[in-house]
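The working numbering puts the first residue of the sequence shown at 143, with every later residue one more than the last.
Note that the Cβ used here is the ideal one computed from N, Cα and C, for glycine as well.
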Amino acid sequence: MVVYIFLILLVILFSFMQTKQNKWYLFLMLALIFVVMAFRSFSVGSDTQAYRLLFFQLSYLKLSSYMQSLTTFFNSRFELGFILLNKLIYHFTNNPRWLLIIVALIVVVAVWLFINYFSQDVSLSLVLFLTLGIFADSLNSMRQILALAFVLISYTYIDRNKYVSLLLIILAALFHKTALFALAIIPLSYVKFNKKTIGILSVITLFIFVSFNTILTIFFKSFTSYSGYVDALSDGAARNATLLNGLIDLIIVIFCYMCGRINQVQGMKLTQYGNETFYLLLIFISFCIYIVSFRYSQLSRLSNYFSCVYLFMIPNSISLIKTPIRRLLLKYTVVIFAISYFITIQLFRPEWSRIVPYSMLTN
143 MVVYIFLILL VILFSFMQTK QNKWYLFLML ALIFVVMAFR SFSVGSDTQA
193 YRLLFFQLSY LKLSSYMQSL TTFFNSRFEL GFILLNKLIY HFTNNPRWLL
243 IIVALIVVVA VWLFINYFSQ DVSLSLVLFL TLGIFADSLN SMRQILALAF
293 VLISYTYIDR NKYVSLLLII LAALFHKTAL FALAIIPLSY VKFNKKTIGI
343 LSVITLFIFV SFNTILTIFF KSFTSYSGYV DALSDGAARN ATLLNGLIDL
393 IIVIFCYMCG RINQVQGMKL TQYGNETFYL LLIFISFCIY IVSFRYSQLS
443 RLSNYFSCVY LFMIPNSISL IKTPIRRLLL KYTVVIFAIS YFITIQLFRP
493 EWSRIVPYSM LTN
């Protein structure tokens with residue numbers, strides 16, 4: 143865990159030399175993060191070793207049999223985009239190290255585009271990226287982190303060109319089918335976050351929670367490739383993670399909303415792009431997903447596509463504080479909380495991601 147703490151401290155220390163126009167700070171920090179991700183041992187991350195073995199297996203897969211019908215396409219265990227990526231890499235080299243390198247590169251480029259576009263405090267955004275779960279997922283859930291990377295890029299187009307945003311989300315689904323749920327982001331961009339919206343979402347969440355067994359049975363019959371995840375229904379450890387992450391999402395919504403209210407900023411102008419209450423809505427939706435996830439813990443994976451906006455919502459909310467000393471105190475209170483959360487999880491619940499102990503490449 144020393145490597146992760148050192149990385150976080152570097153992000154904080156180098157931030158004192160950062161200027162608003164200094165793009166080199168973000169580039170340098172993400173380059174360091176890239177090294178940690180790309181050149182880790184295959185023992186780092188609960189799924190990394192499995193993806194190493196899968197790299198060789200997918201190289202022999204015949205695409206003709208995979209594409210023979212839509213049923214095969216949707217019920218296949220692995221998505222077409224991920225299969226093609228593996229086969230493309232294998233065409234040039236049979237070293238699975240390059241799979242980690244390419245995935246790490248895609249992720250850091252996506253994070254760079256996302257943070258650079260939205261955040262008014264890139265150093266705090268990087269700290270949140272490293273501590274609140276996305277970074278841990280990038281060392282573990284390879285297919286979904288690739289999908290999330292393309293969803294992050296799609297956010298930068300949501301107010302500029304919704305067709306590009308749509309295409310990027312569809313591309314994301316070629317790496318993990320759950321990204322199809324991110325298609326909801328586009329129509330949601332027209333919805334305001336208010337009491338009426340909260341009420342409607344609460345009713346929908348309650349309905350899904352109560353009738354979940356019926357919905358899940360229909361889903362497993364339609365998509366048989368996911369039937370192996372049924373064990374997650376009674377996963378007590380996953381429920382603890384769901385509870386904790388759901389509470390964090392709720393705290394973030396309240397925190398961002400109160401920052402805007404206290405400073406009486408009309409329309410919550412947290413960024414120069416679009417309706418910022420839309421991004422609060424997305425985090426609230428993530429909270430609702432965590433509630434439903436008490437019935438089936440694997441559903442919590444869907445929350446990442448919506449909650450990821452906290453990477454800029456928290457820094458931009460803090461930027462609304464008019465008094466510099468209060469703004470600084472609030473920023474470093476968040477930093478201390480985020481680091482404490484990360485250390486606590488890695489010390490007492492390392493099995494959630496298995497990214498500790500960290501070690502560099504062994505081959």
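For residue 182, the three-state DSSP class (helix, strand or coil): strand
Beta-carbon separation (whole angstroms), residue 442 vs residue 431, contact threshold 8 Å: 7 Å
Check this for me: beta carbons of residue 183 and residue 501, under 9 Å apart or not? yes
My output table needs one value for residue 143: the three-state DSSP class, helix, strand or coil. coil
Cβ shell of residue 258 (< 8 Å), same chain only, five flanking positions each side left out: 165, 168, 264
Applying the criterion that 16 or more other CB atoms from any shown protein chain within 10 Å of the CB defines a buried residue, is residue 159 buried or exposed? exposed
Starting from the C-beta of residue 397, find all residues in its chain whose C-beta is less than 6 Å away, skip the five residues before and the five after it, and write them out in chain order. none
Straight-line Cα distance separating residue 469 from residue 461: 7 Å
Distance CB(residue 288)-CB(residue 230) smaller than 9 Å: no
Which class does residue 400 belong to by DSSP, given the choice of helix, strand or coil? helix
Relative to the C-alpha of residue 189, which candidate in 279, 253, 176 has its C-alpha closest? 279
Opening and closing residue of the alpha helix (DSSP H) in which residue 468 lies: 466 to 490
Counting Cβ pairs, one atom from each stretch, are 3 or more of them under 8 Å apart for the stretch 308 to 316 and the stretch 289 to 296? yes
For residue 93, which residues does DSSP report across the bridge? Nothing about residue 93 can be read from this structure; the chain reaches only from 143 to 505.
Taking the alpha helix (DSSP H) that residue 330 belongs to, which residues open and close that run? 327 to 330
Tell me which same chain residues have a C-beta within less than 6 Å of the C-beta of residue 299, skipping the five on either side of it? 306, 307
Considering Cα atoms alone, identify which of 246, 293, 474, 491 is closest to residue 445. 293
Alpha-carbon to alpha-carbon, residue 185 and residue 191: 6 Å
Quick check on residue 159: does DSSP put it in helix, strand or coil? coil
Residue 204 - DSSP class collapsed to helix/strand/coil: coil
Residue closest to residue 205, alpha-carbon to alpha-carbon, out of 194, 223, 418: 223
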